[in-house]
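Inspection log for the structure reproduced underneath, given as structure tokens.
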């Protein structure tokens, strides 16, 4: 496959993403009996790799900005990057580098000092920690009150994440700095809009409803490749433009 191509949706699908059955690559649509791959989180490199390995017909779900534009992935290694003058200068510098002579290895002297033991009042620390710990439980559903399993939940400012169980429920602990402190949950689920929910440290249960992401497009995927002659023409035009002293960027 050409390194340059465009992705288009030939036959848009209007089925509801949230009502499809989960599978390894995304969802399975009972209406058209096809597996729908979720490409919304794919980078250009991921898209290029996928469609290079899977050149047959497929059905996918994309963000609008992924469609009808050039998907181009530059190679991580290009011999043209290495200019002849740079190679010659590097070789000359290597040959002119002085040789290392034998040197005597001097071991650093070590000085042993007496260990100092710091005593902490562990009881006071445990009490302070227990006073700052809080628990929050909740349930995540869609607008039809159906439970959403596997939803990723994270408290903003913390690096650890949690997931809802098969019933869409979650339970997590967190630390507060002061009473009536506010925290914020970052909630993400494929096929639904991301949502942030603020709550007080005095709250113990949250009912969260996610809305389906309607900005994504689904349907049969068509790969539009750039013809070879057009790629050659574009490269020659760009090279001539670069050496043109009258060209203004």
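Numbering (full-length UniProt numbering), first residue to last: 1 to 249. Quick reminder that beta carbons are idealized off the backbone N, C-alpha and C, glycines included.
Find out if the Cβ-Cβ distance for the pair residue 38, residue 136 is shorter than 7 Å. no
Look at the alpha carbon of residue 77 and the alpha carbon of residue 58, and state the distance between them as a whole number of angstroms. The predicted position of residue 77 is uncertain, since its pLDDT is 48 and thus under 50; a value taken from the coordinates is nonetheless stated next. Going by the C-alpha atoms only, they are around 30 Å apart.
Would you tell me roughly how many angstroms separate the C-alpha atoms of residue 222 and residue 145, rounded to the nearest one? 36 Å
Could you tell me the distance, in whole angstroms, from the CA atom of residue 12 to the CA atom of residue 32? 12 Å
Can you have a look at residue 142 and say buried or exposed, based on whether 16 or more other CB atoms are within 10 angstroms of its CB? buried
Pairing CB atoms from the segment 40-47 with CB atoms from the segment 67-74, are three or more of them under 8 Å? yes
Residue span of the alpha helix (DSSP H) that contains residue 179, given as start and end: Careful: residue 179 lies outside any alpha helix (DSSP H) and carries neither H nor E.
Coarse secondary structure for residue 48, derived from DSSP in three states: helix
Close-in-space but distant-in-sequence residues of the same chain around residue 161 (CB under 7 Å, 5 per side omitted): 152, 153, 154
Rounded to the nearest angstrom, what separates residue 232 and residue 4 at their Cα positions? 12 Å
Among the residues of its own chain, which have a CB less than 7 Å from the CB of residue 219, if the five just before and after it don't count? 9, 10, 11, 12, 13, 59
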